[in-house]
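Student: Supplied in structure tokens, the structure appears directly below.
There are 2 protein chains.
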Amino acid sequence: MDEVARAFVPGHVTGFFGVHRDGDPTRAGSTGAGVALSEGVTVSVEYARETTVSLDGEAVDVEAVERVLGALSVTAQVRAVSDVPLGAGFGVSGAMALGTALAANELFGTELSENELVTVAHGAEVQAGTGLGDVVAQARGGVPVRLEPGGPHHGVLDGIPARGRVEYVSFGELDTGDVIGDDTGSLTDAAEQARSKLVKKPTMERFMFASRRFARETELMSGAVAEAVDAVAAVDGEATMAMLGETVFAHGRGLTEAGYDPEVCEIDVGGATLL
Amino acid sequence: MDEVARAFVPGHVTGFFGVHRDGDPTRAGSTGAGVALSEGVTVSVEYARETTVSLDGEAVDVEAVERVLGALSVTAQVRAVSDVPLGAGFGVSGAMALGTALAANELFGTELSENELVTVAHGAEVQAGTGLGDVVAQARGGVPVRLEPGGPHHGVLDGIPARGRVEYVSFGELDTGDVIGDDTGSLTDAAEQARSKLVKKPTMERFMFASRRFARETELMSGAVAEAVDAVAAVDGEATMAMLGETVFAHGRGLTEAGYDPEVCEIDVGGATLL
Numbered sequence: 001m002d003e004v005a006r007a008f009v010p011g012h013v014t015g016f017f018g019v020h021r022d023g024d025p026t027r028a029g030s031t032g033a034g035v036a037l038s039e040g041v042t043v044s045v046e047y048a049r050e051t052t053v054s055l056d057g058e059a060v061d062v063e064a065v066e067r068v069l070g071a072l073s074v075t076a077q078v079r080a081v082s083d084v085p086l087g088a089g090f091g092v093s094g095a096m097a098l099g100t101a102l103a104a105n106e107l108f109g110t111e112l113s114e115n116e117l118v119t120v121a122h123g124a125e126v127q128a129g130t131g132l133g134d135v136v137a138q139a140r141g142g143v144p145v146r147l148e149p150g151g152p153h154h155g156v157l158d159g160i161p162a163r164g165r166v167e168y169v170s171f172g173e174l175d176t177g178d179v180i181g182d183d184t185g186s187l188t189d190a191a192e193q194a195r196s197k198l199v200k201k202p203t204m205e206r207f208m209f210a211s212r213r214f215a216r217e218t219e220l221m222s223g224a225v226a227e228a229v230d231a232v233a234a235v236d237g238e239a240t241m242a243m244l245g246e247t248v249f250a251h252g253r254g255l256t257e258a259g260y261d262p263e264v265c266e267i268d269v270g271g272a273t274l275l
Numbered sequence: 276m277d278e279v280a281r282a283f284v285p286g287h288v289t290g291f292f293g294v295h296r297d298g299d300p301t302r303a304g305s306t307g308a309g310v311a312l313s314e315g316v317t318v319s320v321e322y323a324r325e326t327t328v329s330l331d332g333e334a335v336d337v338e339a340v341e342r343v344l345g346a347l348s349v350t351a352q353v354r355a356v357s358d359v360p361l362g363a364g365f366g367v368s369g370a371m372a373l374g375t376a377l378a379a380n381e382l383f384g385t386e387l388s389e390n391e392l393v394t395v396a397h398g399a400e401v402q403a404g405t406g407l408g409d410v411v412a413q414a415r416g417g418v419p420v421r422l423e424p425g426g427p428h429h430g431v432l433d434g435i436p437a438r439g440r441v442e443y444v445s446f447g448e449l450d451t452g453d454v455i456g457d458d459t460g461s462l463t464d465a466a467e468q469a470r471s472k473l474v475k476k477p478t479m480e481r482f483m484f485a486s487r488r489f490a491r492e493t494e495l496m497s498g499a500v501a502e503a504v505d506a507v508a509a510v511d512g513e514a515t516m517a518m519l520g521e522t523v524f525a526h527g528r529g530l531t532e533a534g535y536d537p538e539v540c541e542i543d544v545g546g547a548t549l550l
């Protein structure tokens, strides 16, 4: 048996989402849609008597990761390296949870299936209060549409068949818990409208349009984010806000053409995977 | 709009399967498990007044491809290039159907979702009588386990989290229709036993073991196939038969170590994708 196991999990930016609470964390989650990115988080898991977790070389407390290891009844040294910023709407905590599940299962021979590992990571993320839909989307890859909330045994996913360049700029952090902890009824109504529009025409253009409308209706856009989205629209590009971060992402070259200096990646192809 | 759209679909070798017939082709299909391969079929779709289909430069009749184009109400020039042999258990017809669906949707802007495109390709393959489970497995990638039969709206998939080298040798062709057209009750019983064993322990070792047992119980192995499987077992490797072809595949280096000169690829990561 190797001494280390590794997994890659794509970053994931959500365009719109509705919150679905449930006492059972495998049924709780979010509906909505987003984009999985070719940039993401690489997680290495090694044997250790006591669990330690680091992100880009610094010790961090990530409750979802600890819950995953607890569910597998193991302790380990978990080292994550991220291409995308933390706390800016890229699903880094979900990626760390899912990457830990995949890599720890490989290292310790816990013999869980992919659906079971995604369920463990999704449940851990929900119970930690750090995310509701990133994990299932990151497991699928591409441009995942969350039709029904929850882990693999309850949720229903579809996808928009699309490839191509994704650009993004981040202006700062937003605390997911602050938003998804509040009253979320109007969020869910706006998400249902967006979902309904997208299902009728599952294209990237419609996804970006529905997401911008969601961001405006829910008043989640900060000044800098709204300004960048408008600037991209002014050059006939397609951009919207990453939920929940002070981040704008574009499909294509819109941010560059609007004069920003964005990070550049691609729509992820295959979802989370062992390395 | 571009003048050509392209998609890659992994080859897929099935280790064991049970047949589930249904008047509704989106509910018909197979249970079972297999391995999606890093080698597969690249499909290019271009505008054309009359539909033509070629494989590796030669004109071919592939009913599933024609049914896919019919379902999308388009005509096109479809050119497929395959890394894996036709008629040898690699799901080439399913790959051509799914690749055509993905690429034609992109070229013609038919605005179907991924689930809808997989449904179209799965239904076309079932109606053509050329396959029952390859398409949904090829769409998922990895090591797909078909828990419930049918297209994305009815079937249930899981996966074995595994990576690594796959080797294969092909000794000739088998006609899928000849086998899945016959009475398949004992096949389905053996498949249910294999599935039940695999679900309890979703590992590659268990998958290969259950598949070999399925192949022996159903008496589907030819002399050359059985000989190769035994030769790999003799060097402590893991090999089994690709259903349905005169093909043996191994996880790891078993065929090489047993003195064969196999083709070498990897477990596919992400499933079918636009290029």
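Residue numbers (my numbering), protein chains in the order written: chain Z, 1 to 275; chain E, 276 to 550.
Every residue gets a Cβ at the ideal spot worked out from N, C-alpha and C, and that includes glycine.
Since the model is a prediction, treat every value here as computed from it, not as a measurement.
Taking C-beta pairs closer than 8 Å, name the residues in chain E that S113/Z reaches, listed in chain order.
Tutor: Under the 8 Å cutoff, chain E gives V420, D433, G434, I435, P436, V474 and P477.
Student: Using the C-alpha atoms, what's the distance from A242/Z back to F90/Z?
Tutor: Looking at the two C-alpha atoms, the distance is approximately 7 Å.
Student: Using only CA atoms, which one of V169/Z, P202/Z, S93/Z and G172/Z lies nearest to L147/Z?
Tutor: For L147/Z, the nearest C-alpha among the options comes from P202/Z.
Student: Nearest chain Z C-beta to L377/E closer than 7 Å, yes or no?
Tutor: So, interface residue.
Student: Between which two residues does the beta strand (DSSP E) containing A308/E stretch?
Tutor: From DSSP, the beta strand (DSSP E) with A308/E extends over G304 to Y322.
Student: What are the boundary residues of the beta strand (DSSP E) that A7/Z is part of?
Tutor: Where A7/Z is concerned, the enclosing beta strand (DSSP E) stretches over V4 to H20.
Student: Going by DSSP, what residue range makes up the alpha helix (DSSP H) through T326/E?
Tutor: Premise fails: T326/E is in no alpha helix (DSSP H) and is neither H nor E.
Student: Would A128/Z and A194/Z qualify as a contact pair, given that the criterion is a beta-carbon distance under 7 Å?
Tutor: For A128/Z and A194/Z, no; Cβs fall outside 7 Å.
Student: Please name the residue, chosen from V544/E, E389/E, G512/E and G332/E, that lies closest to G534/E on a Cα-to-Cα basis.
Tutor: Nearest option by C-alpha distance: G512/E.
Student: Could you tell me the distance, in whole angstroms, from the CA atom of T247/Z to the CA atom of P419/E?
Tutor: Near 35 Å, if we compare the C-alpha coordinates of P419/E and T247/Z.
Student: Measure from the alpha carbon of A508/E to the alpha carbon of each residue in G529/E, L392/E, V539/E and L495/E, then state which is nearest.
Tutor: Closest option to A508/E, Cα to Cα, is G529/E.
Student: Under 9 Å Cβ-Cβ, which residues of chain Z neighbour L392/E?
Tutor: Chain Z residues near L392/E: P161.
Student: For V4/Z, would you say it is in contact with chain E, using Cβ-to-Cβ distances shorter than 7 Å as the test?
Tutor: Cβ-Cβ to chain E under 7 Å: no for V4/Z.
Student: To the nearest angstrom, how far is it from the Cα of T375/E to the Cα of V269/Z?
Tutor: Each residue's alpha carbon lies about 18 Å from the other.
Student: My understanding is that A33/Z touches L198/Z, with C-beta atoms under 8 Å, so please give their C-beta distance in whole angstroms.
Tutor: Yes, they are in contact, since the Cβ atoms of A33/Z and L198/Z sit about 6 Å apart, within 8 Å.
Student: Spell out whether any CB of chain Z is found under 7 Å from the CB atom of T548/E.
Tutor: Yes, contact with chain Z.
Student: Would you say T301/E and G293/E are within 7 Å of each other, going by their C-beta atoms?
Tutor: The answer is no: Cβ separation not under 7 Å.
Student: Would you mind giving the Cβ-Cβ distance between A139/Z and A5/Z, rounded to the nearest angstrom? I have them listed as a contact below 8 Å.
Tutor: Not quite, the Cβ-Cβ distance comes to about 17 Å (not below 8 Å), so this is no contact.
Student: Less than 8 Å between the CB atoms is what I'm expecting for V62/Z and S93/Z, so what's the real figure, rounded?
Tutor: Right, the Cβ-Cβ distance comes to about 6 Å (below 8 Å), so this counts as a contact.
Student: Which residues share a DSSP beta bridge with M241/Z?
Tutor: DSSP, once it has assigned bridges, lists V248/Z as partnering M241/Z.
Student: For the alpha helix (DSSP H) holding R165/Z, just list the boundary residues, first then last.
Tutor: Unbroken run through R165/Z is the beta strand (DSSP E), R165 to G172; no alpha helix (DSSP H).
Student: Considering only their Cβ atoms, is the gap separating P424/E from G587/E smaller than 7 Å?
Tutor: In the structure displayed, chain E extends from 276 to 550; residue 587/E sits before or after that span and is not available.
Student: Residues of the segment 233-257 of chain Z with a CB closer than 8 Å to any CB of chain E: list them in chain order, please.
Tutor: Going along the segment 233-257 of chain Z in chain order, one finds no residue with a Cβ nearer than 8 Å to chain E.
Student: I want to verify the contact list: residues of chain Z whose CB lies under 8 Å from the CB of E381/E, in sequence order.
Tutor: The answer, in chain order, is P161.
Student: Can you give me the start and stop residues for the beta strand (DSSP E) that G425/E sits inside?
Tutor: No beta strand (DSSP E) contains G425/E, which DSSP labels as neither H nor E.
Student: Going along chain Z, which residues have a C-beta under 7 Å from V544/E?
Tutor: Residues of chain Z passing the Cβ test: G270 and T273.
Student: For M371/E, tell me which candidate among T317/E, H287/E, G408/E and T463/E has the shortest Cα-Cα distance.
Tutor: Closest by alpha carbon: T317/E.
Student: Under a three-way DSSP split, which group does V356/E fall into?
Tutor: Reduced to three states, the DSSP call for V356/E is strand.
Student: Taking only three categories from DSSP, how would you classify G87/Z?
Tutor: Coil, per DSSP.
Student: Could you check the C-alpha separation between E321/E and E116/Z for me, to the nearest Å?
Tutor: If I take the Cα positions, the gap works out to 41 Å.
Student: Could you name the residues that DSSP lists as bridge partners for I267/Z?
Tutor: Paired residues: L37/Z.
Student: Quick one: is G315/E buried, meaning 16 or more other Cβ sit within 10 Å of its Cβ, or exposed?
Tutor: Flag for G315/E reads buried.
Student: How about A506/E and S445/E: do their beta carbons lie closer than 7 Å?
Tutor: No, the Cβ-Cβ distance between A506/E and S445/E is not below 7 Å.
Student: For G141/Z, which residues in chain E fall below 7 Å Cβ to Cβ?
Tutor: Those are G545, listed as they occur along chain E.
Student: Residues bridged to P419/E by DSSP?
Tutor: Paired residues: G434/E.
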